[in-house]
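S.K.: Numbering (this note's numbering), first residue to last: -14 to 198. Using N, Cα and C, we set each Cβ at its ideal position, and we do this for glycine too.
Structure, rendered in structure tokens:
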């Protein structure tokens, strides 16, 4: 029963986290690679700041590569991929989802230049990996519906959520109920939940950062 309760709390916290983005640092020009005949220009481990179509990216042409479900075709249970999809949905951006069950399902450029990391967002000639990086990229360039908050608020929210997901995952994955390790993991989770609840109580609205407007 407790585990079901914590899963529910995790889901609520994840939804609230949609307003919890850090401020995107200033972008710098990076060396680029001509990855393939499709003219994808990428930099290993991050996106790039040089595009043939201009300095400001345009909406459209987005493909999100995510972990596949058990059937190999549906979207899997990766919370980081869900986080990115929530950002895309909140910003009303059109995109295509490509579930990947193994490296065989991933395009060669993703394996060659990004070590196959997912979630990965390909946007025309760019690619970004890591959910927080993708979220910042989207919030920086598509500001019709801004999702970021103040720098101070973002810092406080980051401190409140630090360690939250690992504490949930470790407790849920522990199979021996009632042993010493189980009690320790549960106490760690309760501490993380208390820290998160305190932050939500101090926030100006119902979100970790901002009032949702």
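Is it the case that the Cβ atoms of residue 127 and residue 91 are separated by a distance below 8 Å?
M.R.: The sequence position of residue 127 within the chain shown is 142, counting from 1. The sequence position of residue 91 within the chain shown is 106, counting from 1. No, the Cβ-Cβ distance between residue 127 and residue 91 is not below 8 Å.
S.K.: Measuring straight from C-alpha to C-alpha, what distance separates residue 137 and residue 146?
M.R.: Position 152 of the chain shown, counting from 1, holds the residue named residue 137. Position 161 of the chain shown, counting from 1, holds the residue named residue 146. Using only the alpha carbons, I get a separation of about 14 Å.
S.K.: What's the call for residue 114, buried or exposed, on a 16-neighbour Cβ count within 10 Å?
M.R.: Along the chain shown, one-based indexing puts residue 114 at 129. Counting Cβ neighbours within 10 Å, residue 114 comes out buried, since at least 16 surround it.
S.K.: What residues match up with residue 109 in a beta bridge as DSSP calls it?
M.R.: In the chain shown, the residue the question calls residue 109 occupies position 124. According to DSSP, which records beta bridges pairwise, residue 109 is partnered with nothing at all.
S.K.: Alpha carbon to alpha carbon, how far is residue 152 from residue 189? Give it in angstroms, no decimals.
M.R.: The count along the chain shown starts at 1 and reaches residue 189 at position 204. The count along the chain shown starts at 1 and reaches residue 152 at position 167. Near 26 Å, if we compare the C-alpha coordinates of residue 152 and residue 189.
S.K.: With residue 52 as the anchor, note down where its beta strand (DSSP E) starts and where it stops.
M.R.: As a first step, residue 52 must be located in the chain shown, where it is residue number 67. Its beta strand (DSSP E) spans residues 47 to 52.
S.K.: Classify residue 64 as helix, strand or coil using the three-state DSSP reduction.
M.R.: Here residue 64 corresponds to residue number 79 of the chain shown, with the count starting at 1. It is helical.
S.K.: With residue 153 as the anchor, note down where its alpha helix (DSSP H) starts and where it stops.
M.R.: Working through the chain shown from its first residue, we reach residue 153 at position 168. Residues 149 to 158.
S.K.: Would you mind working out which of 107, 116 and 161 sits nearest residue 65, comparing C-alpha positions?
M.R.: Taking the chain shown and counting its residues from 1, one reaches residue 65 at position 80. The residue with the shortest Cα to Cα distance from residue 65 is 116.
S.K.: Give the DSSP-derived three-state secondary structure of residue 194 in the structure shown.
M.R.: Taking the first residue of the chain shown as position 1, residue 194 is located at position 209. Here residue 194 sits in coil by DSSP.
S.K.: Drop a sphere of 10 angstroms on the beta-carbon of residue 93, count the other beta-carbons inside from all chains shown, and report buried for 16 or more, exposed for fewer.
M.R.: On the chain shown, residue 93 is found 108 positions in, with the first residue counted as 1. Residue 93 should be labelled exposed.
S.K.: Report, in whole angstroms, the separation of the C-beta atoms of residue 46 and residue 53, which I expect to be a contact under 8 Å.
M.R.: Here residue 46 refers to the residue found at position 61 of the chain shown. Here residue 53 refers to the residue found at position 68 of the chain shown. Not quite, the Cβ-Cβ distance comes to about 22 Å (not below 8 Å), so this is no contact.
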